[in-house]
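Each step along the sequence shown adds one to the number in this note's numbering, with nothing skipped, and position 253 is 393. All residues carry an ideal CB built from backbone N, CA and C; glycine is no exception.
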Amino acid sequence: MSGKKGQPQADPSQAGVDMPYPERNGTAVQGGVVRRVGALGRQSWIQKVLEQVIHSPRQWVTPSEVVPVAVLAVQRYLLEGEPSDVEPKPPLYCFDVTISDGVYQEKCYLDPRLNSLVYKNILKVGIEVRICRVSCIYNEKRIGQAILCIDNVLCGELLESVSLETPFRNSAHREVPERPLRGGKSHYLPLWNNEDPYGDIWLNNKQPEEHSFNNTKIVSLAHLEMTWSNTKNFPPLLVRILYKSRLRYYGKPNKKMIEPYQTFLEVADSSGTVSVIMWNTLCPEWYKSLHVGLVLLLQNYTVKKNYPFRIQPLPVDPQIKLISTMEICLNIRDLPNIIIIPEKKVKPEWRLPKLNYRFVTRSELDKMPNNCICDVIGVLVFVGRVQRLKKKDSREDFWSYRWIHIADGTSEQPFIVELFSTSQPEVFEHIYPMTYFVCTQLKVVRNDNQVPKLLYLTTTNESHMFITGHKGQPYNDDAKNADQPSTSKAASKEHQSQEKDGKHHHDDGSGSSQCHSACASSSPVMKKRITQTPSGKLIPVPQPETSSQTKGSKPSMPSSSHYQENSSHSFMVRAKKSISDKWKSQLWREKKFSLIEHLHYSQVYPESIPRKFSFEHRHFLRRQFNSQPAKYVRPEGRVPKLDNFKSARSLGHFELTILGLNHERAINVAFLPMYSLQDARTSQVDTLLSCMHYSCVYPQASTGSDVIRNSRALAGDIIKAVSKMDREHVICVLDICSLGNNKAEVYLHKIYKPNITS
Numbered sequence: 141m142s143g144k145k146g147q148p149q150a151d152p153s154q155a156g157v158d159m160p161y162p163e164r165n166g167t168a169v170q171g172g173v174v175r176r177v178g179a180l181g182r183q184s185w186i187q188k189v190l191e192q193v194i195h196s197p198r199q200w201v202t203p204s205e206v207v208p209v210a211v212l213a214v215q216r217y218l219l220e221g222e223p224s225d226v227e228p229k230p231p232l233y234c235f236d237v238t239i240s241d242g243v244y245q246e247k248c249y250l251d252p253r254l255n256s257l258v259y260k261n262i263l264k265v266g267i268e269v270r271i272c273r274v275s276c277i278y279n280e281k282r283i284g285q286a287i288l289c290i291d292n293v294l295c296g297e298l299l300e301s302v303s304l305e306t307p308f309r310n311s312a313h314r315e316v317p318e319r320p321l322r323g324g325k326s327h328y329l330p331l332w333n334n335e336d337p338y339g340d341i342w343l344n345n346k347q348p349e350e351h352s353f354n355n356t357k358i359v360s361l362a363h364l365e366m367t368w369s370n371t372k373n374f375p376p377l378l379v380r381i382l383y384k385s386r387l388r389y390y391g392k393p394n395k396k397m398i399e400p401y402q403t404f405l406e407v408a409d410s411s412g413t414v415s416v417i418m419w420n421t422l423c424p425e426w427y428k429s430l431h432v433g434l435v436l437l438l439q440n441y442t443v444k445k446n447y448p449f450r451i452q453p454l455p456v457d458p459q460i461k462l463i464s465t466m467e468i469c470l471n472i473r474d475l476p477n478i479i480i481i482p483e484k485k486v487k488p489e490w491r492l493p494k495l496n497y498r499f500v501t502r503s504e505l506d507k508m509p510n511n512c513i514c515d516v517i518g519v520l521v522f523v524g525r526v527q528r529l530k531k532k533d534s535r536e537d538f539w540s541y542r543w544i545h546i547a548d549g550t551s552e553q554p555f556i557v558e559l560f561s562t563s564q565p566e567v568f569e570h571i572y573p574m575t576y577f578v579c580t581q582l583k584v585v586r587n588d589n590q591v592p593k594l595l596y597l598t599t600t601n602e603s604h605m606f607i608t609g610h611k612g613q614p615y616n617d618d619a620k621n622a623d624q625p626s627t628s629k630a631a632s633k634e635h636q637s638q639e640k641d642g643k644h645h646h647d648d649g650s651g652s653s654q655c656h657s658a659c660a661s662s663s664p665v666m667k668k669r670i671t672q673t674p675s676g677k678l679i680p681v682p683q684p685e686t687s688s689q690t691k692g693s694k695p696s697m698p699s700s701s702h703y704q705e706n707s708s709h710s711f712m713v714r715a716k717k718s719i720s721d722k723w724k725s726q727l728w729r730e731k732k733f734s735l736i737e738h739l740h741y742s743q744v745y746p747e748s749i750p751r752k753f754s755f756e757h758r759h760f761l762r763r764q765f766n767s768q769p770a771k772y773v774r775p776e777g778r779v780p781k782l783d784n785f786k787s788a789r790s791l792g793h794f795e796l797t798i799l800g801l802n803h804e805r806a807i808n809v810a811f812l813p814m815y816s817l818q819d820a821r822t823s824q825v826d827t828l829l830s831c832m833h834y835s836c837v838y839p840q841a842s843t844g845s846d847v848i849r850n851s852r853a854l855a856g857d858i859i860k861a862v863s864k865m866d867r868e869h870v871i872c873v874l875d876i877c878s879l880g881n882n883k884a885e886v887y888l889h890k891i892y893k894p895n896i897t898s
């Protein structure tokens, strides 16, 4: 049996799989055709390697000449249709890597043993690599077709410019649509999550159609609820979309599902609201064309008993019945008919419900209870880096999210929003400060019992974002503060203090996700605690070219790991740039030369410093704080340097040395406290223990004056307060961030005494 030993082989049974869309059958792919390479004229390095590996009797070869090539694309997919005894058992995600030698491009299969290079963001687009060992994996369904496999590679630095004009090696590479090299999948997944649509299978060209209702007998949802269990052929439904959920990808190995997607639509007529489930290939065909507010005529659907554990969103009109005993199913095997009715053709006698938004102002948010649902509108004044949060039941699946601040001019405080990806990458990846922003179906998260009080908003399954094309959107009539002068005033007021990234002080006390294993192994003294990312905690590490992972962390990064250590601490603190004072305890002077191990992770790299926002360089900054793209995009004009952008953190950072209880090991970490005038006015917590507990600085109240002390004085106070904690036993929780390329940072997340349980 041809192929590389120890690697999954193609499943011959896939050849007979009946696929609804012939153009998605995955048999013709870009890349991987090996034939008559010498007949193409001048040979490139790629051609030479192909000739060498094809004529070699071994399963793999070392190229006779190793030259640098550029990486143009890194694309991810789930390998299906492989033998069931292949390890590992969890979902096996594979990567296709497109390279260019300046003459030709070639799409190659990356050996799964090298997947960690992608997870750590070492192997990424736009860099120079040297491929040290290759092999061939033959397609046993088609004679003469093979895939070039990368078995060993050395990754270099980012290239200033990469040529995109090099053609694929032969005509087969130019075929469209683009498909994975291995397995039976018809599509690629997003590089850093599974929920976003990615690739050419996602259509958005469905248009409203004229339809004659003369011979169409419509059934109401209320009547369908009473009769569906005794009916086989269901009459058409005429409904309006009230909510659209984000996508759910449920692909698993060895399940012959071509496009395993699912999404929910909440639709309504005059008699009730019900859930519509769209399955599989219908999602790529329709998802991007179906918007909230559209009127649909549904035919050839099925009805089933509802899933009892799913919570439907509240109906837009309290007078409309919420039907939760049944669900409408749209599946390709039933040949459903979906027609979008033009809004101008919608008749008043149909009595279809209008959309009803729940826009609130920032001043109203303070009075809203926990878990309440609302919509917000305003101007973005803060945009944090993209992070990833590990899903509970999977080793390789993650949520993508970021923190943002929205100002609406009704309060000095902005809305603080934990913004998860809503299957809208065209919005999620293109936001920056000064943008007019709308987000719907947000849930209030609050805890008034902790100090400082916890209050922020988080997205739900039905949340949607808008940054452009506001004119004509259905929410315009309900946005009570959309046209207020205060909204634009808020933007100009916040202009001077806008940050591209920073640290929130809202913390619910939960932990984080996972970290690069190298960081874990280098800290044997610490007791590991892996939990979820703190709801309000934003580690100030804006990664330049990543996000769904910090420059090179495991897939879970930049969601960070938390490590916990009971330690007697001897603090050595130094505030960079803003102040040069420092303090060392006598205990540290005595013990620092007799340590078994001393770890140094207090350096803060340029990409980790929050920057003031510059509208002129908004596209550059947006790329720095987004996820590493799957395909290389040539930068426009001269690329600036991050060091040229002013830091947004007036206090700089502090370096702390933490000594273990046995006085045998120590670690240097960074502390980046959050400080703002608003914090100073609303809280009088002035102890170092408290400010470190919440990663914030709360200066003492000014006596007889409202003048806030400057950052230099505050930094000096912190160092003075540290000296009072000498030789005390404390618990330190640290955030470990891998930046890739053997760079790592460790931040003090929280510090508290063992007898403090809050």
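Alpha-carbon to alpha-carbon, residue j and residue i
i	j	result
M574	V521	6 Å
V584	C514	8 Å
S754	Y572	10 Å
S540	E489	43 Å
V557	I262	30 Å
I871	H759	41 Å
Y427	T599	19 Å
V189	T238	15 Å
I277	D251	11 Å
A810	L462	52 Å
M865	Y892	11 Å
W200	V274	6 Å
S411	E467	15 Å
T608	Y576	8 Å
L364	D340	37 Å
G172	C234	Caution is warranted here: a pLDDT of 43 is assigned to G172, below 50, making its placement in the model unreliable, and the coordinate value is therefore given only provisionally. About 15 Å.
S303	K771	13 Å
V773	E406	37 Å
Limits of the beta strand (DSSP E) - the one that residue i falls within
i	result
H738	E737 to H740
P208	P208 to L218
K247	Q245 to L250
F235	Y233 to S240
Q581	Y576 to N587
Y278	I267 to Y278
Cβ pair residue i, residue j closer than 9 Å
i	j	result
P400	Y389	yes
R386	L219	no
S561	L582	no
R498	G518	no
L343	S256	no
L470	I417	yes
H749	L782	Position check: residue 749 holds Ile in this sequence, whereas His was assumed. Yes, the Cβ-Cβ distance between I749 and L782 is below 9 Å.
E569	V526	yes
L799	A788	no
S878	K694	yes
N808	L739	yes
Y741	V886	yes
A210	K247	no
D537	N766	no
First through last residue of the alpha helix (DSSP H) which encompasses residue i
i	result
V379	Segment L377 to K384 is the beta strand (DSSP E) holding V379; no alpha helix (DSSP H) there.
L257	N255 to Y259
W185	W185 to I194
H363	L361 to T367
H759	R758 to Q764
E730	Q726 to K731
E305	Element bounds for E305: n/a, residue is neither H nor E.
F568	P565 to F568
Worksheet entry | Minimum length 4: unbroken alpha helix (DSSP H) runs contained in the stretch 474 to 553 | 502 to 505
Exercise. Evaluate contact between the stretch 428 to 445 and the stretch 376 to 390, counting only Cβ atoms and requiring at least three cross-stretch pairs below 8 Å.
Key: yes
Starting from the N-terminal side, write out each stretch of the alpha helix (DSSP H) that is 4 residues or longer and does not extend beyond the stretch 384 to 458.
422 to 426
request  = Give, in chain order, every unbroken run of the beta strand (DSSP E) that is at least 3 residues long and sits entirely within the stretch 591 to 616.
outcome  = 594 to 606
ask   = How about the stretch 544 to 551 and the stretch 339 to 349: do they share at least three Cβ pairs that are nearer than 8 Å?
value = no
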